[in-house]
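Have a look at the structure below before the remarks.
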Amino acid sequence: MPRMGRRPGPSTTRTMITAAAAGRFTAVGYDATSLRQVAADAGVDPALVRRFFGSKEQLFTAVASAVIDPARALAAVAEGPVSAAGERLLRYFLSLLGDVSQPGPLLGLVRSAVTSEHAASLLREFLAGELLPNIAVSLPSERSGLGAALAASQLVGLAVARYAVQLPPLTAARTEELVRTVAPVLQYYLTGHPISPKENS
8 MPRMGRRPGP
18 STTRTMITAA
28 AAGRFTAVGY
38 DATSLRQVAA
48 DAGVDPALVR
58 RFFGSKEQLF
68 TAVASAVIDP
78 ARALAAVAEG
88 PVSAAGERLL
98 RYFLSLLGDV
108 SQPGPLLGLV
118 RSAVTSEHAA
128 SLLREFLAGE
138 LLPNIAVSLP
148 SERSGLGAAL
158 AASQLVGLAV
168 ARYAVQLPPL
178 TAARTEELVR
188 TVAPVLQYYL
198 TGHPISPKEN
208 S
């Protein structure tokens, strides 16, 4: 049962609300989630949710930023040899998706986007405004913008097929097998140069 009452501070309260919203979006999707439900899950007054986030749209974007963390995603791509950028990006997103039997909150964002056009629009705006441009700028490729978008489509497709639809060959695949097969595709999208992960070991 969530505890009610005064919280230690704004930062803690905001974090608790964001975590509760991520759980709610994962469990029931965007359309079925209300600010009142999120407040109940976080153990706070609904007015606090509106005070910190204003609307469900802003809350969803905040959850996307907290879950994906653009700075960490960019670091996964940019920090290290360019020849291993695809592998680093894939490993980062697989860590966010979690185990197939116990998926992480990223799946909730993907599910919401798949089942709600409004959520899909919000996620597109987040990816186009917060994540993809920075990844594109960090890569030495003439088609970096398109490449970053294609990489994102590959990752979202993998999330849907493996975690939502649960195609058996994908659910049975181990992380290293996915890295061997998917990372070279991401590498090609990001840089235009497909490089086997074995070349970076």
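With our numbering as the guide, the letters of the sequence shown map in order to residues 8 to 208.
For each residue, glycine too, the CB sits at the ideal point set by N, CA and C.
This one's a predicted model, so the numbers in the text were calculated from it and none came from an experiment.
query: For the putative contact between V117 and A166, defined by C-beta atoms under 8 Å, what is the C-beta separation to the nearest angstrom?
result: Here residue 117 refers to the residue found at position 110 of the sequence shown. Here residue 166 refers to the residue found at position 159 of the sequence shown. Going by Cβ atoms, the distance from V117 to A166 rounds to 5 Å, so yes, they are a contact pair.
field: Cα-Cα separation, S123 to P112
entry: In the sequence shown, the residue the question calls residue 123 occupies position 116. In the sequence shown, the residue the question calls residue 112 occupies position 105. Between S123 and P112, the C-alpha separation is close to 17 Å.
- prompt: So, do the stretch 66-84 and the stretch 24-35 have three or more beta carbon pairs nearer to each other than 8 Å?
  reply: yes
Those residues which DSSP pairs with P110 across a bridge: For this step, residue 110 is matched to residue 103 along the sequence shown. Bridge partners of P110: G105.
message: Measuring CB atoms only, is the stretch 123-141 touching the stretch 164-182, in the sense that at least three cross pairs come out at less than 8 Å?
response: no
task: Within 10 angstroms of the Cβ of R95, are there 16 or more other Cβ atoms? Answer buried if so, exposed if not.
output: The residue given as residue 95 occupies position 88 in the sequence shown. Per the 10 Å Cβ criterion, buried.
message: With the cut-off set at 8 Å, would you say V70 and F100 are in Cβ contact?
response: As a first step, residue 70 must be located in the sequence shown, where it is residue number 63. As a first step, residue 100 must be located in the sequence shown, where it is residue number 93. Not closer than 8 Å, so no.
Residue range of the alpha helix (DSSP H) that includes A78: Locating residue 78 in the sequence shown gives position 71, where the first residue counts as 1. Taken as a continuous stretch (DSSP letters only), the alpha helix (DSSP H) holding A78 covers P77 to A85.
query: According to the neighbour-count rule (16 or more other Cβ atoms, all chains shown, within 10 Å of its Cβ), is L174 buried or exposed?
result: As a first step, residue 174 must be located in the sequence shown, where it is residue number 167. That one is exposed.
query: According to the neighbour-count rule (16 or more other Cβ atoms, all chains shown, within 10 Å of its Cβ), is Y196 buried or exposed?
result: Reading the sequence shown from its first residue, position 189 is the one you call residue 196. Answer is buried; the Cβ neighbour count reaches 16.
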